[in-house]
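Using our numbering, read the sequence shown as starting at -1 and increasing by one per residue.
Where a beta carbon is used, it is the ideal one built from N, C-alpha and C, also for glycine.
Note that the coordinates shown come from a computational prediction; the quantities given were computed from them, not determined experimentally.
Accompanying notes for the structure given below.
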Amino acid sequence: MPTAVLTDRERTAVQAYLRLLHTVRAAFDGPPGSRRPAVVPPAVLAEAEQALAAAGLTGNEEEFFRLLRSWCPERP
């Protein structure tokens, strides 16, 4: 698989998305039955939205997720 070279803005968008994803996952961590709806701090969501807009990826989810897959491929 060829390695994608991300621009600084694309890399920032991917990193912001991953922080958002980890924040949501952390809200669901815990013993079974103790799960609560995810509460995402407004600053985390705003960071992700701003980074996506700066990278020109707002409204272009297909391109964004292609970049995400190339930069952070799933582990088996």
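Next item on the list: Check each candidate in Leu19, Val3, Leu4, Ala11 and name the one with the smallest Cα separation from Thr56.
Entry: Taking the first residue of the sequence shown as 1, we reach residue 56 at position 58. Among Leu19, Val3, Leu4, Ala11, the Cα nearest to that of Thr56 belongs to Ala11.
Item checked: Burial state of Ala14, where buried means 16 or more other Cβ atoms lie within 10 Å -> One-based indexing of the sequence shown puts residue 14 at position 16. Buried, because 16 or more other Cβ atoms sit within 10 Å of the Cβ of Ala14.
Next item on the list: Would you please state the rounded distance, in angstroms, between the beta carbons of Gln8 and Leu43? I believe it to be under 8 Å.
Entry: Residue mapping note: residue 8 aligns to position 10 of the sequence shown, counting from 1. Residue mapping note: residue 43 aligns to position 45 of the sequence shown, counting from 1. According to the sequence displayed, residue 8 carries Glu and not Gln. Their Cβ separation, rounded to whole angstroms, is 19 Å, which puts Glu8 and Leu43 out of contact at 8 Å.
Check: Going by the beta-carbon positions, is the gap between Leu4 and Ala46 smaller than 7 Å?
Finding: Against the sequence shown, residue 4 aligns to sequence position 6. Against the sequence shown, residue 46 aligns to sequence position 48. Their beta carbons are not under 7 Å apart, which means Leu4 does not touch Ala46 by this criterion.
Next item on the list: Give me the Cα-Cα distance between Ala24 and Asn58, rounded to the nearest whole angstrom.
Entry: Your numbering for residue 24 matches position 26 in the sequence shown. Your numbering for residue 58 matches position 60 in the sequence shown. In a straight line, the C-alpha of Ala24 is about 27 Å away from that of Asn58.
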